[in-house]
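Data first, discussion second: the structure below is written as structure tokens.
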Amino acid sequence: MTYSELNLSSCWPAHQCPASARADGLASILDVGDSRGIRLIHGVSACDYVVMSKPGMPLQAALIPDCTKPEAHRAAYKTAKANDAIFVCIARQGERWKVQLDAMASRKPYVPDQAMTVLQSAAEALVLDGTVEQANIGADYISMWPIETEERAREIGAAFHAAMYGLQLLHIAAPGQPEPSPPRPGGGR
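If you want my numbering, it's the 1-based position in the sequence shown plus 920.
Given below as structure tokens:
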């Protein structure tokens, strides 16, 4: 492995990563000194411990937790609440996968209904093109299944997580957005 294969940007602080000893070992093999910034190829952390994102920071696809086991789901949701983050996870269901998002884990204002229509339209497009068979969209919750592969479930989860964060932040920045006025007869405003 060469230095160019590593992304030495910020990773989990060593005190938060129970696998930091493995990262320290990798750092000593590569002779890069401090391992706190080591991330493996493709953006996967050197740490197996996935931490729900900080507020305003959507998760990358590779970092979305696999919550197939109920205890993993409880732990990831608890971590999201502790970090005031929108919860996102994937879970295996038989041979396929499910994506779940929950804005209630965050104490910030929910995404307004008119903004959720963007996410609903995207989910409907995934149903229409056969990527998922079912999608449930609520004011604070999104669930989509079945999805063929784990990789595709992660991509979808990351995209919806980023969109939900963006819409939430936009609502916080401009909470009193008036409804657009209906078009006037004749096309003028």
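The beta-carbon is built from N, C-alpha and C at its ideal position, and this holds for glycine as well.
| Check | Outcome |
| --- | --- |
| From the DSSP output, read off the bridge partner residues of Gln1020. | Cys1009, Ser1063 |
| Consult DSSP for Ala1094 and reduce its assignment to one of helix, strand or coil. | coil |
| From what residue to what residue does the alpha helix (DSSP H) around Ala992 run? | 990–1002 |
| With DSSP run on the structure shown, which of helix, strand or coil describes Ile1057? | strand |
| Quick check: what's the CA-CA separation for Ile1057 versus Met1084? | 12 Å |
| Under the assumption that Ala1073 contacts Ile1010 (Cβ atoms under 8 Å), give the Cβ distance between them as a whole number of angstroms. | 4 Å |
| Within this structure, are the beta carbons of Asp1022 and Asp1060 separated by less than 8 Å? | yes |
| Can you give me the C-alpha to C-alpha distance between Ala982 and Trp1017, rounded to a whole angstrom? | 15 Å |
| Suppose the cutoff is 8 Å on Cβ atoms and the five residues either side in sequence are ignored; what does the same chain contact list for Glu1044 look like? | Ala1055 |
| Using a Cβ-Cβ cutoff of less than 7 Å, which residues in the same chain neighbour Tyr1030 once the five nearest sequence positions on both sides are dropped? | Ala1023, Ala1059, Asp1060 |
| Measuring alpha carbon to alpha carbon, tell me which of Ile1067, Lys1028, Ala1094 ends up nearest Gln1013. | Ile1067 |
| If contacts are defined as beta-carbon pairs under 8 Å, then Val1008 and Gly1077 qualify, I think. What distance do you get, rounded to the angstrom? | 5 Å |
| May I have the straight-line CA-CA distance separating Glu1071 from Val1038, to the nearest angstrom? | 23 Å |
| Alpha carbon to alpha carbon, what distance is there between Ser1041 and Ala1047? | In the sequence as displayed, the identity of residue 1047 is Val instead of Ala. Taking the straight line from one Cα to the other gives about 10 Å. |
| What is the C-beta distance between Met1110 and Val1052, in whole angstroms, given that I count them as a contact (C-beta under 8 Å)? | The question about residue 1110 has no answer, for the chain in this structure spans 921 to 1109. |
| Nearest-angstrom Cα distance between Ala996 and Gln1020? | 12 Å |
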